[in-house]
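Chains as they are written, first to last, in the numbering used here: chain A, 352 to 634; chain B, 236 to 553; chain C, -14 to 693. All C-beta atoms in this analysis are idealised placements derived from N, C-alpha and C, irrespective of residue type, glycine included. The structure under discussion appears below in the form of structure tokens.
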Amino acid sequence: MPAGPPEPGARRRLPGNLLAGAALVLVIAAAALVGPWVAPFPYDEFHIRDRLKAPDAVYWFGTDEYGRDVFSRVLAGSRISLFMGVAATAVSLFCGVALGLTAGFFRGRIDEWLMRLMDLLMSFPPVILGLLILAVTPPSLWKTVLAVGIVYIPAIVRVTRSVTLELAQEEFILAARARGENAGYILFREILPNAWPPIIVEASLRVTFAILLGAALSFLGMGAQPPSSDWGLMISEARSYLDQAWWMAVFPGLVMCLTVVGINLLGDGLREWLDPRLRHGGA
Amino acid sequence: MILYTLRRLALIVLLLWVMSVLLFAITQVLPGNVARMILGQFATADAIEAVETKLGLKDPLAVQYGRWFSNLIRGDFGQSLIMERPIGPLLSEALGRSAILACLSFVLVASAGILLGVIAAVRKNRPVDHAVSVFSYLGISVPEFFWGIVFILVFARFLGWLPSAGYSPLDEGLWSWFSRLIGPTLTLTFTLIAHISRLTRSSMLETLRSRYVLAARAKGLPERVILFRHALRNALLPTITVLAIDVGWLFGGIVVVETVFAFPGLGRLVAFAIERRDLPLIQATLLVITAIYCLANLAADLLYAALNPRIRYARRTS
Amino acid sequence: MASPPSPPLLEIEGLCVSYATAGGTLRALSGVSFRLQPGEALGLAGESGSGKSTVALALLGLLGPEAALSARRLRFGGRDLLSLSPEERRRLRGGAMAIVFQDPFTALNPSLPVGRQVAEPMVFHRGLAESEALAAAIGLLHQVGIPRPEVVARSYPHQLSGGMQQRALIATALAAEPELLILDEPTTALDVTIEAQILDLLESLRRSRRLSILFISHNLGVIHRLCDSVCILYAGEVCETGPTKAVFRDPAHPYTRGLLASLPRLALGSRKRLSPIPGTLPDLEKPPPGCLFHPRCPYGDKRCGEQSPLLSSPGPERSVRCWKAQEIRGVAWEEAAGGNGRPAARGDEPADQAVAPLVIVRDLRKRYRLGGFWDALVWEKPGGQGWPRPAWEPKFLRALDGVSLAIAAGEVLGLVGESGCGKTTLGRTILRLIDPDGGEIVIDGRAIARAPERELRPVRRAAQIVFQNPDSSLNPRKTVGEIIGRPLERFRIASGAGLRRRVGELLDMVRLAPSYASRYPHQLSGGEKQRVGIARALATSPRFLVCDEAVSALDVSVQAAVLNLLEDLRRELGLAFLFITHDLSVVAHLAHRVMVMYRGGICEEGTIAQVLRPPFHPYTEALLSAVPRIDGERARIRLREEGPAPEFAGRGCRFQGRCPRLLGEICRTVAPPVLEPLPGHRILCHHRLETLAAVASPIADEAPPPGA
């Protein structure tokens, strides 16, 4: 084992996929931010004369059945999708981390019950669970966010719990307990700072799941409602015009793929970068 | 082992019962009036009254649940509100069609996913590995509904090789039947193959780094023995667990894919039920899906135990 | 071993292995040379990072593609290994050249039956059919001393104990009848009594099969025990080779001398302050010019820092890589290093038993339920007939089964025992990191066994703990300053500038520079981390420290420095210690009194001089005789190994399952009485004192017996 003493200040190179992913995500996030100001047309403006026009110099991605500019709609859709992904992940992150820390640190009966509850949640297929939550009330965007967020709580709980269980065995936690530190200090000052890396990686991948699930729900008519320009909804609407206007489905789909690829690259890059096994290089 | 299986089965029964209560509760404790939701905003008071009486909505909740549940036990799922047909036959017909789709997809996912993952791990950092990883990136990044639409565009609209959608019974010809399965199956599997191959690759790589594989190398065993006897068996354990979870994905996928390809299966039925707020149908379909999902998980756990001596023989040591 | 005329079995000359890293090239091995004669056992010794395992992997051709290997000569059995094709190398591996790895549990495939794993080399190297090989494997398992080999062959690795797993691995290595057996730290993961059995096995196998052995270990005692000659590695270089006895009696290289001077000895009366090697291993990416050891060498001069030393021969069959090997003969390491052999303080100031003890523990109990709810469910037929009925009968592990002890201020109580005996549970329960099921704990006059956490505050301040694993005991996200400062904050001892000053003082106390306060744990070496852990424990100015295997994870040279530090702190601060360890030599070096623990209970206790001399508890006797040492050997007592799930149900003597001096039924049914040969010396055994006293001491006794 050729292991010398670790050198102080040795910096590891950022992995390429992290950089590529970050660049892609930045571009799309920027588009989402400034979209309304740079879009050539308002996303919901009808151009009745230009219905179902193929892509050209004016309408870069063509127009839909009402003559709305697909490019402007895709741009506006990036806001909805990113919001949905991030907000839903925030919901599952908030609940998941809290529950995971509790279960992993206190163990015992709380842990037992929480995990059974999570098993129950997990025993629904995600789309079905989302549908069930949305089925009984009129759909709206924030409900989709909430539904998607709830669907992915168990995943975050599991990751958080397993890191917490592992960290709780570490001797520095015992040292804190030997000082009589309270649970709050141990959880938030000793455990959480060390638990973040895997949770962040998991969350970054969950963002893509959330975007895809949100789009799927919108596609099924259970998410964003017309005339909103959600990507899933746009593809759903385009289905009736596949013969005449392929661009109505293809462009929103492509942009969605790019977004998801970007976030996945970012997440994988983060994983590589933060993985302790790869941290010290070596053989 | 038998005890374990029985215990798990008991748990599943319990879970299904909890589900039935939950489903019942969710559909009962709705905000707003159920009958009005069914009939729409402009229904007359009389019509609402009629529907409520028909559904027994005026009885106490416990009575309603008891009635529904005892019917359920006897295999009577009730009547679909919208289609006004008994749910049982509807369900079994749809289930049969979806089962073909699901089984076909599952076999494809398990075999192709594992194969690709193993190849990528063994040829790490070679062109094959890169190709597989690009493929799987696409797979996990492209949502099924978009992939399905691209499939229809390319193979049905532009090339005209395959029918774009629908279902044709087997007695109308083998090709006609099969050609309408290709699209949904491929669409359904693409994401999951990507998922499984990524997972298999990483767990295979981990196993190949393990001490016992080094020990097997030190024994001078041929590479194929090291790969198949020593590494693969252990590397498959996490894959099996995830395969079971992916059955859940498969159901989700089925809902979407059947919608895209207008395939009259269970997924389409669920989507329809939810879209039209057909309560008995929602309850019945979701219950069936949960049951299948639980059984898939059980099967995975049993397979896991069968492959993992640490679980199989846990009892003997204590 | 007389020099044999036959050509060497293994010849290595100028073996270099390097890895390309982000910062340049890491030289794992630079010019390693040695020879191994047929039938010889050669020990390859060195601390972690010396490159010993790399040598083994290089020989087997298992280094992996990222390693760059070169050698002037790498010959095995007359064949040039470097010119062989990968396929030929593979045939050699596990055939003529087999290896046993360190950690038996990870080296066995968890999902294959043991028998098949043992049989594999026979199938692939000797062309046996699967069934023949399996039968032969059972024979081999029998030969390596595994009882009921047919059953074991069908078992999976997790069903075997550590010792049995290691035997199975040895059987695997022997399966293809190798000429050379490479053993890479084969006993490091095992308890000392099991280690002794494995060494016995290796010795007998070596004789019966005329095996050549390359034995890799950090443990000089084990090498002394088994090897004819030894090769000392430092930072990827050979610094000294020669016959084991000669090298250990008269080490020529400063590093060898330093290692030997750092080693705590089990022998009584030879206790001196240890003389550690200062500094740390050089950075192998930027090795120092000249002799690799010179930055740490007390003998070094200008030339050592400029030119790499050449090999010279200080005696027959010996060679040493040092410019000053001739000059420094007769200049002891201690003299050169300035440790001047000051005796350890313990002997001259026995702890005062008259003073009220600082820590008192009475009849402490803790048990754990084994398995979950369902595991406790058994089906039994009432009266042996009719339908079986369920009954809930949980099994318990008695981690602490009525332990009592007392520690005075300024006293070191050593607690020894093998893994799983409950010693860590005891240390943690005394500090209320684990809640006891019963018994009393009094620290500094406060009864704390059942006190709620908020009442423990003063005790938390007065009693602290130092942990085993330097990598896990410091929070990686905090600086050293934050880590040491937190107890000061928590107990409102200091804040602001006062806190920073105090952190500096504490760092000074553990011999670290004040600049360390701004470093993160991953920037420290193992020994430095352990010092930070000690500083953190000292921050509250405690009166009692529990040291749980506090030096076990450290290399000997570093361990010696930490042991010295602990001894100094005890003297300066008057600390009481509960020193938990599996290493008898460390206890013998540091402790005033010792307790020997077995399965949740104490079987012998007394002052160090009492416990290291007869009469012994049979377990103590076996432990002492099992310790491999570099200073002579005595009669050995070997213990049977028990199955993985012991069934001591609380009746009779807890050592009954392994006792070599079992009297009979009484040991199984009646709890042993307490024998007290001398005041304070207690032995729990059914034997009569005279019987226990009439054994030869397994260790060298250089001090006059007390009262003589």
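Could you check whether the Cβ of residue i sits closer than 8 angstroms to any Cβ belonging to chain C?
i	result
alanine 468(B)	The residue you asked about is not alanine; residue 468(B) is arginine in the sequence shown. Yes, arginine 468(B) lies at the interface with chain C (some Cβ there is under 8 angstroms from its Cβ).
valine 548(A)	Inspection of the sequence shows that residue 548(A) is occupied by proline rather than by valine. Not an interface residue.
proline 266(B)	Note that proline 266(B) has pLDDT 48, beneath the 50 cutoff, so the model's placement of it is unreliable and the number below is only indicative. Closer than 8 angstroms: no.
glutamate 522(A)	yes
Taking only beta-carbon atoms, is residue i less than 8 angstroms away from chain B?
i	result
tyrosine 4(C)	no
alanine 354(A)	Residue confidence is low: alanine 354(A) scores 36 on pLDDT, short of 50, so the model does not pin down where it sits. Its coordinate-derived value is still stated next. No, alanine 354(A) does not count as interfacial toward chain B.
arginine 509(A)	no
phenylalanine 200(C)	no
methionine 607(A)	yes
isoleucine 586(A)	yes
Shorter than 8 angstroms from the beta carbon of residue i to some beta carbon of chain A?
i	result
alanine 506(B)	yes
leucine 416(C)	yes
phenylalanine 381(B)	yes
leucine 441(C)	yes
proline 483(B)	The sequence given here places glycine at residue 483(B); proline does not occur at that position. Chain A, which has a Cβ nearer than 8 angstroms to the Cβ of glycine 483(B), makes this yes.
arginine 464(B)	no
proline 328(C)	Residue confidence is low: proline 328(C) scores 45 on pLDDT, short of 50, so the model does not pin down where it sits. Its coordinate-derived value is still stated next. So no, proline 328(C) is outside the interface.
Give the residues of chain A in contact with residue i, contact being defined as C-beta atoms less than 7 angstroms apart.
i	result
valine 248(B)	In chain order: nothing, as chain A lies at least about 13 angstroms away.
threonine 494(B)	Leu571
Can you name the residues of chain B whose CB is closer than 7 angstroms to the CB of residue i?
i	result
tryptophan 597(A)	Leu388
alanine 92(C)	Arg446, Tyr447, Ala450
Can you tell me which of the three DSSP states residue i falls into?
i	result
leucine 390(C)	strand
serine 297(C)	strand
glutamine 595(A)	coil
tyrosine 583(C)	strand
leucine 166(C)	strand
glutamate 438(C)	helix
glycine 332(C)	Low confidence applies here, because glycine 332(C) scores a pLDDT of 44, under 50, leaving its location unreliable; read the following figure in that light. Helix.
isoleucine 668(C)	strand
threonine 414(A)	strand
aspartate 176(C)	coil
arginine 347(C)	strand
leucine 533(B)	helix
State the beta-bridge partners of residue i as determined by DSSP.
i	result
valine 2(C)	Leu14(C), Leu54(C)
glycine 649(C)	Bridge partners of glycine 649(C): none, in fact.
proline 223(C)	Reading the sequence as shown, one finds valine at residue 223(C) and not proline. Answer is Leu218(C), bridged to valine 223(C).
leucine 382(C)	Tyr353(C)
cysteine 532(C)	Val451(C), Phe564(C)
glutamate 590(C)	Met580(C), Arg667(C)
Give me the chain A residues within the contact set of residue i, using Cβ-Cβ distance strictly less than 8 angstroms, ordered along the chain.
i	result
isoleucine 450(C)	Leu525, Ala526, Ala529
Which residues in chain C sit within 9 angstroms of residue i, going by Cβ to Cβ distance?
i	result
asparagine 545(A)	Asn460, Pro461, Arg462
glutamate 396(A)	Here the premise fails: no neighbours, minimum Cβ distance about 52 angstroms.
What does residue i touch in chain B if you count any residue whose Cβ is under 8 angstroms from its own?
i	result
phenylalanine 109(C)	Lys454, Gly455, Leu456, Pro457, Val460
glycine 79(C)	Ala453, Lys454, Gly455, Leu456
leucine 47(C)	Leu449, Arg452, Ala453
By the criterion of Cβ-Cβ separation under 9 angstroms, what are the contact partners of residue i in chain A?
i	result
arginine 352(C)	By Cβ distance, chain A contributes nothing, its closest Cβ being about 17 angstroms from arginine 352(C), past 9 angstroms.
Looking at residue i and the ligand FAD, is the gap between the Cβ and the nearest heavy atom below 7 angstroms?
i	result
phenylalanine 233(C)	Among the ligands in the structure shown, none appear at all, so the ligand FAD cannot be discussed.
Query raised in the report: Do three or more CB pairs link the segment 218 to 234 of chain C to the segment 263 to 283 of chain C at distances below 8 angstroms?
Result: Segment contact: the segment 218 to 234 of chain C against the segment 263 to 283 of chain C, three or more CB-CB distances shorter than 8 angstroms; contact assigned.
Report task. Would you check if there are 3 or more beta carbon pairs closer than 8 angstroms linking the segment 92 to 107 of chain C to the segment 136 to 145 of chain C? Result -> Judged by Cβ distances under 8 angstroms, the segment 92 to 107 of chain C makes contact with the segment 136 to 145 of chain C, as three or more pairs qualify.
Query raised in the report: Is there contact here, the segment 337 to 349 of chain B with the segment 423 to 435 of chain B, by at least three beta-carbon pairs under 8 angstroms?
Result: Cβ pair count under 8 angstroms is three or more, so yes.
Query raised in the report: So does the segment 184 to 198 of chain C actually touch the segment 22 to 35 of chain C, counting three or more Cβ pairs closer than 8 angstroms?
Result: Touching, yes, given that three or more Cβ pairs across the two stretches are closer than 8 angstroms.
**Report entry** Cβ pair count under 8 angstroms reaching 3, the segment 12 to 21 of chain C against the segment 203 to 221 of chain C
**Finding:** Yes, since at least three Cβ pairs between the segment 12 to 21 of chain C and the segment 203 to 221 of chain C fall closer than 8 angstroms, the two stretches touch.
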